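Visitor: Numbering-wise (my numbering), the sequence shown opens with residue 19 and increments by one. Built from N, CA and C at the ideal position, the CB exists for glycine as well. Owing to the predicted nature of the structure, the values given are computational and were not obtained by experimental measurement. Here it is, the structure, as structure tokens.
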Amino acid sequence: MIQEQIPPFYVGQEVEAIKDHSGGKFKKGQRFIVEEISQCRSSFAIKIGIYAEKGHVWECRQCGKQMESMHYIASCFRALTPEYEAISFSKILEEPLACLN
Ligand SMILES: [Zn+2]
19 MIQEQIPPFY VGQEVEAIKD HSGGKFKKGQ RFIVEEISQC RSSFAIKIGI
69 YAEKGHVWEC RQCGKQMESM HYIASCFRAL TPEYEAISFS KILEEPLACL
119 N
């Protein structure tokens with residue numbers, strides 16, 4: 019059973035590592051774009067574009083999945099969310115459509 023039901027990130031989002039990877043694959047503060055979200059045992063994991071050498075596959079030590087692009091536990095990262103003004107449904111209804119031809 020997965021602990022968190024909603025993935026913490028979306029594909030294409032920019033994230034930042036909040037800790038060093040134990041195997042040295044990434045360092046705290048390094049930024050990546052989320053390429054894929056999947057499950058790793060009872061957690062979410064993300065792929066961030068770190069590939070094995072050509073012709074090789076990695077096996078995840080947590081869940082045993084084999085993959086060319088290793089996934090990492092999502093809790094090692096935080097989202098870099100651009101700031102924007104709050105958008106509410108009532109505000110959308112107030113505003114005239116701006117993109118009519
Ligand atoms: Zn895994």
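Near Ser61, which residues of its chain fall below 6 Å by C-beta distance, leaving aside the five closest residues on each side in sequence?
Guide: Ile91, listed in sequence order.
Visitor: From which residue to which residue does the beta strand (DSSP E) around Glu32 run?
Guide: Glu32 to Ala35 is the span of the beta strand (DSSP E), which, as asked, contains Glu32.
Visitor: By the 10 Å Cβ neighbour count, where 16 or more other Cβ atoms means buried, how is His74 classified, buried or exposed?
Guide: Its Cβ having fewer than 16 others within 10 Å, His74 is exposed.
Visitor: Under 7 Å between the Cβ atoms of Gln80 and Arg59?
Guide: In this structure, Arg59 lies closer than 7 Å to Gln80 by Cβ.
Visitor: Count the other C-beta atoms from every protein chain shown that fall within 10 angstroms of the C-beta of Val52, then say buried if there are 16 or more, exposed otherwise.
Guide: Flag for Val52 reads buried.
Visitor: For Ile66, which residues from the same chain have a beta carbon less than 6 Å from its beta carbon, with the 5 sequence-adjacent residues on both sides left out?
Guide: Once the five neighbours on either side are set aside, the close Cβ partners of Ile66 are Phe50.
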